[in-house]
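According to this note's numbering, the sequence shown holds residues 2 to 705 in order. Yeah, the Cβ is synthetic: ideal placement off N, Cα and C, and Gly gets one too. Below: the structure, in structure tokens.
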Amino acid sequence: MERAVSVPETKVATVPEGSRLLSRELSWLAFNERVLEEAADPRWPLLERVKFLAIFYSNLDEFFMIRVAGLHTLLEQGEDGPGPDGLTAREQLDRIGIAVRRLVRSASALLSGELLPALEKAGIRLHRRGTLDAEARARTADYFHSTVFPVLTPLAVDPGHPFPFISNLSLSLAVEAEDPLTGERRFARVKVPEILPRFVPVGGDDFIPLEDLIESHLDALFPGMRIVGVYPFRITRDMDMAILEAEADDLLQVVDRQVRRRRFGHVVRLELDSQTPERIRALLLDKLQLGRDDLYECCAPLGASALMALAGLQRPDLHDPPLQLAVARELVEGDVFATIRAGDVLLHHPYDSFAPVLAFLRRAAADPEVLAIKMTLYRTGASSDISKSLTTAAENGKQVAVAIELKARFDERNNIEWARALERAGVHVFYGSADLKIHAKAALVVRREGDRIRRYVHLSTGNYNAATSRIYTDVGLLSCAEEIGEDVSELFNALSGFARPTYRELAVAPETLAPRLLALIGEQAERARAGKQARIFAKMNALVDVEVIEALYAASQAGAQIDLEVRGICCLRPGVKGLSETIRVFSVVGRFLEHSRVFVFGPEGDEQVFLSSADWMPRNLQRRVELMFPVRHPELRLRLRREVVEPALTDNCRARDLDASGAYRRRTPAPGELERDAQHSVVAAVQRRAVHTAPPSGRRSRRT
């Protein structure tokens, strides 16, 4: 297939000299740079660009909370040996600091130089202190005194008042005030309340940042004092959570306790406005026990992930047009079980509606012939539909068992609440172990049909989360194939009990998924050595596992053609002579977050196709329960080729190719060639499919 040309773009250097592997941490920063580049791309509607910028800042927050915090932990424990990429923790932190400061400068310049002026031109104004007219000042003053002032608590810092606790990612104002009677200068911290909107409406689509509004009224907090200076700052804490097996007699209680402790994690980053004077910098660094390397200057408003609120404004003229979802009516309105019996059903989200998945559970809960429902839950969001179906099923006397992963990062509290609510409803709830997360996505419905029992399953690459199904690309499979149903049944028995099953169709981490992957890669290497056509296409979020990377190198050296669509982190070096010459790695960043894991082994017409919940990372292959499952029907394999493989390979608009140096190069159309956006191509393909398969009046199609 013809490949689009690419041009240099991404600047984060990711490869240590002489290494076979790219740096994991720097590769992640290169991904976030690609997100920032989308914010800078004028082809996007304006509020979509603001959304990308907010995502860039949110991603960076999580990177410091987890990855940078982890490197600091290694240093504190004296574990500073070189990692797989040859870099020590100290070397990685040094390189991260350089890269992040450059990215933040670029993001600040983009916001102040392009996006804010463009927003103002479009009638959306972000006022700063002192730019409001008299009427707006009066209106915001009323809001301050009625709503903001009652929740503010100024905290002085002096010998009688120790430096206060600063919560993770909270925005604060460092206030210097002078007593006019004595001339004594005092320092206080004022927390900007997180419970209130960050951007206060002034009228129409005009807003003022909450911190600016507070600064304008500090005299109400410090009456009789002269305000010398006000300096915003923000900290980031270590928010990772480790649970030892020996501590985990009651995992729910342990996770609950650890979530409460996590808010006191070590500080790993201090963000300051670039105009903050040295005396304030020194004071904050001293009180927070940080070094100069942990300080990051920002010109944009601190905590700019809050811009997501502006990105959500109801301005259709500044957003992408709404996506017209394909809805499988026979699943939502008809007999879902008869439809699945007629043939496996593939759902490609967000292009295909998530409604059939909810309908599958809802019908199962109400169907008197259904005996049992079993399900895994990882990140569910606030999906009342799923909760209601499971609760209804239990109330209807069905056996309902749910595996909830309590340790899903930053969703722990939500999942604990889910677990307790479902248990109160009579659902059997069980959890992963302390050192093994349940990341597999599976639902099993056991149904009595005449004198036999039939198992219906839903397996997916993504979460049971209706909200993220609208913005993440994922693929799900509905099937009643006997062997897959038996395997999923065995999986749930293993999760809830002590079984060690032998699976026929599924590959399950941590036992069999990695060996199966290595065998599939090895088969293509053997084909190449035998002079046969050998191909691998794999789409995933991250590629880090060294054993898998070495297997891919070996397959490349044997002559296999390998295309890897890796959205985020990639530690494999493609295109290195004698090592990986036949491997191409590329990343697609677009309107939807590419989240599906699709693996194709073999040339077209002779391929094996798999879907999976797992990325090719050590944590997925060794420390999680994950699934990889086959797509057997030729029609569905063809759909995946048309809706996943071909659009990605031919994208010349949003795709970027990774070279051997670790740089990403954006593909661009050749002269006279039309732009091809992979996600736009999928929208068109799904709409054609929906028209083609729409049932005639009075009849229903048998498959999507």
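- When M226, E136, R199, Q609 are compared, the shortest CA-CA separation from E524 is found for Q609.
- Bridge pairing for F338: absent [DSSP].
- Just measuring C-alpha positions, the residue of E627, E548, V599, R536 sitting nearest T583 is R536.
- The Cβ neighbour count for Q93, taken over all protein chains shown within 10 Å, is at least 16; the residue is labelled buried.
- In this structure, DSSP gives P202 an extended state, which the three-state scheme calls strand.
- In this structure, the straight-line span from the alpha carbon of R501 to that of F493 is close to 11 Å.
- In this structure, D274 lies away from P224, with their beta-carbon atoms at least 7 Å apart.
- Rounded to the nearest whole angstrom, the CA to CA distance from A100 to A283 is 24 Å.
- Assignment of M309 by DSSP, reduced to helix, strand and coil, places it in the helix class.
- Taking every protein chain shown into account, the CB of H128 has 16 or more other CB atoms within 10 angstroms, so this residue is buried.
- By the Cβ rule, the segment 298-310 counts as touching the segment 57-76, because three or more pairs are nearer than 8 Å.
- Here DSSP, grouped into helix, strand and coil, assigns Y297 to strand.
- Between the C-alpha atoms of A373 and E512 there is a straight-line separation of about 27 Å.
- The alpha-carbon separation between I454 and V446 amounts to approximately 10 Å.
- Annotation for L271: the continuous beta strand (DSSP E) segment containing it runs 268-274.
- In terms of Cα proximity to F338, the closest of L296, C481, L437 is C481.
- D368 is the residue among P357, A404, R130, D368 whose C-alpha sits nearest the C-alpha of R449.
- Secondary structure of S20 (DSSP, three-state): coil.
- Nearest C-alpha to P43 among L116, V69, D95: L116.
- Judged by DSSP in its simplified three-state form, F493 adopts helix.
- In the three-state scheme derived from DSSP, where H, G and I count as helix and E and B as strand, L172 is classed as strand.
- If you draw a 10 Å sphere on the C-beta of I341, you find 16 or more other C-beta atoms in it, and that means buried.
- Ranked by how close their Cα comes to the Cα of T462, the residues R471, A443, R456 have A443 in first place.
- Rounded to whole angstroms, the Cβ separation of P198 and L211 is 7 Å, and the two are in contact under 8 Å.
- Beyond the five residues adjoining it in sequence on each side, L22 comes within less than 6 Å, by CB distance, of P85, D86, C572 in the same chain, given in chain order.
- Only residues of its own chain outside the window of five on either side were considered, and among them V256, V260, L407 have a CB closer than 7 Å to the CB of E413, listed in chain order.
- Taking the C-beta atoms as reference points, I405 is found nearer than 7 Å to A420.
- Secondary structure of I472 (DSSP, three-state): coil.
- DSSP, reduced to helix, strand and coil, places F53 within a helical segment of the structure shown.
- In the three-state DSSP reduction, Q315 falls in the coil class, being neither helix nor strand.
- Using a 10 angstroms sphere on the CB of F361, the tally of other CB atoms reaches 16 or more, which defines it as buried.
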